[in-house]
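See below for the structure under consideration.
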Amino acid sequence: MALVRQRTAQGSNATEIEKKIKRGNALRQGSAWRWSRGSVALLLVALSLCGAAMWLYVTSLDSEVTETLVRGSELVSPQPRVYSVECSEDYESYKRYPGCTPQKCGRAVTDSVVTREEAQALRRDVRERIQAVIAETFDLDPAMVYLTKPTFFSRINSTAAKTQHDEYWHPHIDKVTYGSFDYTSLLYLSDYGSDFTGGRFIFMDQNGNRTVEPRAGRVSFFTSGSENLHRVERVTWGTRYAITVSFTCDPAHAISDPTLP
Ligand SMILES: O=C(O)CCC(=O)C(=O)O
Ligand SMILES: [Fe+2]
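Count the sequence shown with my numbering and you get residues 684 to 944, in order.
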């Protein structure tokens, strides 16, 4: 009897042990599964962080912007936002025209001169309105400011440049590049960020790069001397439309209204 009991006891001990082993295995399997799920989640988080860091790096590569003067998402209205800069000496090598030659230099942006709808429809009187806001901002006699050439429509995408003129991304001074310019204005017809990426306008100041983000209907204007050295970031995606409307103080360089499409 005693022997039988012992055997039974030994038998039940064995089942207990088996159960424990099974439970242990199940626990180990469970924790291995949890561990692998955890590491997959961690890997995904790390990958998305890497992706975000790379995106930030790539978007910052081209411009090294140190300050955004006007964000694409902002609305500058009703008054232009004006940033004054000291006038360069560039104008001294040209004939001075009182009431026009820049004495007050700077750059300014407004979203209230042209509405988004008008920008898309391109009304003919846009030029007069831009001329009026330039004259008002820089204390000029509007009758002394003349439209000059080149005043042009630009369409930029990420395809390779065919001629040197297509290389819009080089830093330049409009007065040096175009000669007759005293005031440059840009009317943007598409939105940075949603219609295209890259393509921000950059003022390259000695102490940093300041950008104006294009937005349909936005007019950005500035005195054309070396106080406003600038460039356009390369467009990385989409199509960027803008019109450069330029003004001169020299009646000899005046042109009549271009026919806008
Ligand atoms: O399209 C722009 O934002 C600037 C173009 C420009 O710099 C120019 O036309 O001289
Ligand atoms: Fe320019």
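Each residue gets a CB set at the ideal place from its N, CA and C atoms; glycine is no exception.
No experiment lies behind these values; they were computed from the predicted model shown.
Inset, instruction - Would you identify the three-state DSSP class for R917, choosing helix, strand or coil? - result: coil
Inset, instruction - May I ask whether a heavy atom of ligand 2 can be found less than 7 Å away from the beta carbon of T894? - result: no
Legend entry - Sub-8 Å separation of R923 and I839 beta-carbons: yes
Legend entry - Own chain partners of P825 with C-beta closer than 7 Å, once the 5 adjacent residues on each side are dropped: Q814, A815 and A818
Inset, instruction - Could you check the C-alpha separation between G900 and D794 for me, to the nearest Å? - result: 6 Å
Inset, instruction - Please classify E699: is it buried, with 16 or more other beta-carbons within 10 angstroms of its beta-carbon, or exposed? - result: exposed
Legend entry - Assigned exposure category for E910 - 16 Cβ within 10 Å defines buried: buried
Legend entry - Range covered by the beta strand (DSSP E) that runs through T793: C788 to T793
Inset, instruction - Say yes only if the C-beta of T919 is nearer than 7 Å to one or more non-hydrogen atoms of ligand 2, and no if none qualify. - result: no
Inset, instruction - Out of D933, A925, Y766 and E772, state which residue places its alpha-carbon closest to the alpha-carbon of S878. - result: In the sequence under discussion, the amino acid at residue 878 is Asp, which differs from the Ser named in the question. It is A925 whose Cα lies nearest to the Cα of D878.
Inset, instruction - Could you tell me if the beta carbon of H936 falls within a distance shorter than 7 Å of some heavy atom in ligand 1? - result: no
Inset, instruction - Tell me D857's beta-bridge partners as DSSP assigns them. - result: Answer is none; D857 lacks a bridge partner.
Legend entry - Alpha-carbon to alpha-carbon, L732 and V947: This structure gives no information on residue 947, because the portion of the chain shown stretches from 684 to 944.
Inset, instruction - Would you list, in sequence order, the uninterrupted alpha helix (DSSP H) runs of no fewer than 4 residues that lie entirely inside the region 804-832? - result: 809-820
Inset, instruction - Taking only the alpha-carbon atoms, compute the straight-line gap between D888 and R720 and give it to the nearest angstrom. - result: 51 Å
Legend entry - Alpha-carbon spacing of R806 relative to L725, whole angstroms: Annotation note: pLDDT 49 at R806 (below 50); position unreliable, coordinate value reported separately. Roughly 55 Å between the two C-alpha positions.
Legend entry - Bridge partner(s) assigned by DSSP for D888: G891
Legend entry - C-beta atoms of F930 and Y829 nearer than 8 Å: yes
Inset, instruction - Please look up how many angstroms separate the CB atoms of A729 and P763, rounded, as I've assumed it's under 8 Å. - result: No, A729 and P763 are not in contact; Cβ-Cβ is about 46 Å, not under 8 Å.
Inset, instruction - Please state if the CB of G908 and the CB of G788 are separated by a distance shorter than 8 Å. - result: Note that residue 788 is Cys in the sequence shown, not Gly. Yes, the Cβ-Cβ distance between C788 and G908 is below 8 Å.
Legend entry - Top-ranked residue by Cα proximity to L869, from P934, R883, G862 and M827: R883
Legend entry - Beta-bridge partners of E750, as assigned by DSSP: R893
Legend entry - ligand 1 heavy atom lying under 7 Å from the CB of A815: no
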